[in-house]
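Here the working numbering runs 473 ahead of the position in the sequence shown, where the first position is 1. Don't be surprised by glycine CBs; every beta carbon is placed ideally from N, CA and C. Read the structure below first, then the notes.
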Amino acid sequence: MIPIGDFSSKDQFASAKNISAQDVLTANRFPAGMAGIIPQGAAGLGDPLKTNDVYQSNEVLPLARDIVEFINSDPELAKLGALSVREP
Numbered sequence: 474m475i476p477i478g479d480f481s482s483k484d485q486f487a488s489a490k491n492i493s494a495q496d497v498l499t500a501n502r503f504p505a506g507m508a509g510i511i512p513q514g515a516a517g518l519g520d521p522l523k524t525n526d527v528y529q530s531n532e533v534l535p536l537a538r539d540i541v542e543f544i545n546s547d548p549e550l551a552k553l554g555a556l557s558v559r560e561p
């Protein structure tokens, strides 16, 4: 047990919280600035519009294409019409 009034436990909790938040973002390859989290040790977040464009083209669109391809390959779903990904 960690005593509630212990200052070191607060530091450890904050450290664990920051590490786990960064781990989740990293695992999902999601830019911290788009999540509203200011990265530690970073000079700035950069241009959010450029960040969004890069994230969309490198992460979202390839995954969407794979999902659409998988759905379109199903013969039962093909009867409903083919899906497509709208490119920006």
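For residue 502, there is no enclosing alpha helix (DSSP H), as DSSP gives it neither H nor E.
DSSP, read as helix, strand or coil, puts residue 513 in coil. Counting other Cβ atoms within 10 Å of its Cβ, residue 506 reaches 16 or more and is therefore classed as buried.
Pairwise C-beta distances place the stretch 523–530 out of contact with the stretch 538–553, as fewer than three of them are shorter than 8 Å.
In the DSSP annotation of this structure, the continuous segment of the alpha helix (DSSP H) that includes residue 537 starts and ends at 534–545. Annotation: residue 518 to residue 533 spans about 20 Å, alpha carbon to alpha carbon. In this structure, DSSP gives residue 557 a state outside helix and strand, which the three-state scheme calls coil.
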